[in-house]
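Residue numbers (the numbering used here): 6 to 414.
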């Protein structure tokens with residue numbers, strides 16, 4: 006529909022005005038030498054800091070860093086997304102415990118070094134990897150992708166910190182650098198959304214996806230309810246829009262844990278979305294599909310959902326979120342891997358992008374951002390379970406990628 010392009014052109018002046026009135030940028034481009042850096046410390050959940058893009062600025066807020074022994078029983082220096090220039094704080098994942106430089110950790114060659122005998126919890130290797138897989142229903146172990154062995158599963162709950170028990174939240178400054186690909190700005194595609202935001206109209210949003218979009222394992226999820234009480238990525242993004250534009254974003258979560266794009270194609274499963282009549286649908290499957298659904302089939306399923314929603318809701322705009330990557334070292338069955346087709350999904354949709362963009366649809370490529378992150382960080386830095394659920398830090402990256410796609414922030 007060419008009218009969307011024309012609407013996007015007319016919207017330009019409105020967007021410039023809205024941007025001038027938007028929320029502050031939480032990541033400074035260049036902190037002043039000698040400045041009091043404690044102002045950048047993340048002591049509790051802060052919406053501005055948690056949605057500050059990890060690809061911009063020179064301050065990283067509460068970046069997750071998992072701490073475990075290697076096979077030799079040593080803790081190797083931890084490489085973060087960027088080389089550390091100045092440490093602002095090193096805290097526990099819940100932000101409640103502050104660790105001391107020189108006592109609990111040091112910094113060497115831009116990496117975080119855990120001091121032996123300090124207070125930072127370290128996961129022993131024999132609790133991380135098991136020579137023999139003991140099937141307890143994935144409560145504590147998951148089979149290795151190799152023919153033998155198993156790895157820890159430790160999902161967070163109200164009574165158990167899970168993997169976060171051995172995860173730090175590191176706030177630090179770094180030199181300007183380009184580590185991650187900046188997600189595409191598709192604000193012109195979401196012309197109606199941006200017009201409503203600029204005009205301070207109420208926006209109605211529907212989430213439709215699997216357990217990640219349901220909210221696992223964001224600490225604000227009702228089933229978890231632990232500090233620092235970070236919302237799931239969809240709510241993080243919508244809260245950020247409310248704060249930046251002074252609007253109300255009504256939202257309803259139709260996501261169902263464990264489901265796939267194939268399940269989602271059945272009208273009975275998305276008819277409540279049609280009845281809800283949202284302005285925007287955040288459509289996010291792929292994590293569970295990627296274990297066994299080839300890219301061509303996955304694309305067909307997602308296109309079916311998109312086309313059927315557009316038929317029933319002609320004015321709706323749709324953000325198709327492509328997932329983070331799961332742990333390639335494990336599988337639900339010995340000798341298989343959770344990470345099979347997910348890396349191929351973005352390419353499967355490349356040919357659809359131009360057609361979709363003309364009709365108010367765009368992909369949100371979290372996959373590419375996560376792939377780039379994993380060239381610097383280990384998978385365990387981004388997971389709540391050691392399988393396929395994001396921790397608070399990765400929920401924040403999801404939200405930042407969604408915001409960049411929707412409004413160009």
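Glycine residues also receive a C-beta, built at the ideal position from the N, C-alpha and C atoms.
If you're wondering where the values come from, they're calculated on a predicted model, not measured in any experiment.
Boundaries of the alpha helix (DSSP H) harbouring residue 400: 397-412, taken from the DSSP string. The beta carbon of residue 394 is closer than 8 Å to those of 160, 216, 217, 221, 222 and 388 in its chain, skipping five residues each way along the sequence. Taking the Cβ atoms as the reference, residue 297 lies roughly 19 Å from residue 151, outside the contact range of under 8 Å. For residue 209, the enclosing beta strand (DSSP E) starts and ends at 208-214. Annotation: residue 186 is outside any beta strand (DSSP E) and is labelled neither H nor E by DSSP. Beta-bridge partners assigned by DSSP to residue 134: 156. A distance below 8 Å separates the beta carbons of residue 392 and residue 335.
Counting the other CB atoms within 10 Å of its CB gives residue 386 a total of 16 or more, which places it among the buried residues.
Residue 84 sits in coil when the DSSP states are folded into three classes, being neither helix nor strand. Residue 77 and residue 311 have their C-alpha atoms roughly 50 Å apart. In chain order, 207 and 247 place their CB closer than 7 Å to the CB of residue 253, counting only its own chain and leaving out the 5 sequence neighbours on each side. About 21 Å separates the beta carbon of residue 412 from that of residue 258, a gap too long to meet the 8 Å contact definition. Shortest Cα-Cα distance from residue 372 to any of 67, 400 and 327 involves 327.
Judged by DSSP in its simplified three-state form, residue 334 adopts coil rather than helix or strand. Here the C-alpha atom of residue 72 lies approximately 11 Å from the C-alpha atom of residue 174. Checking the DSSP bridge columns, you'll see residue 358 has no partner listed.
Shown here, residue 265 sits in coil according to DSSP, grouped into three states, outside any helix or strand. Taken through DSSP and simplified to helix, strand or coil, residue 110 comes out as strand. For residue 108, same chain residues with a beta-carbon under 7 Å away, outside a window of 5 residues either side, are 120 and 123 in chain order. Between residue 106 and residue 86, the CB-CB gap reaches or exceeds 8 Å. For the set 226, 83 and 270, the Cα lying nearest the Cα of residue 309 is the one of 270.
Residue 137 is classed as exposed because its beta carbon has fewer than 16 other beta carbons within 10 Å across all chains shown.
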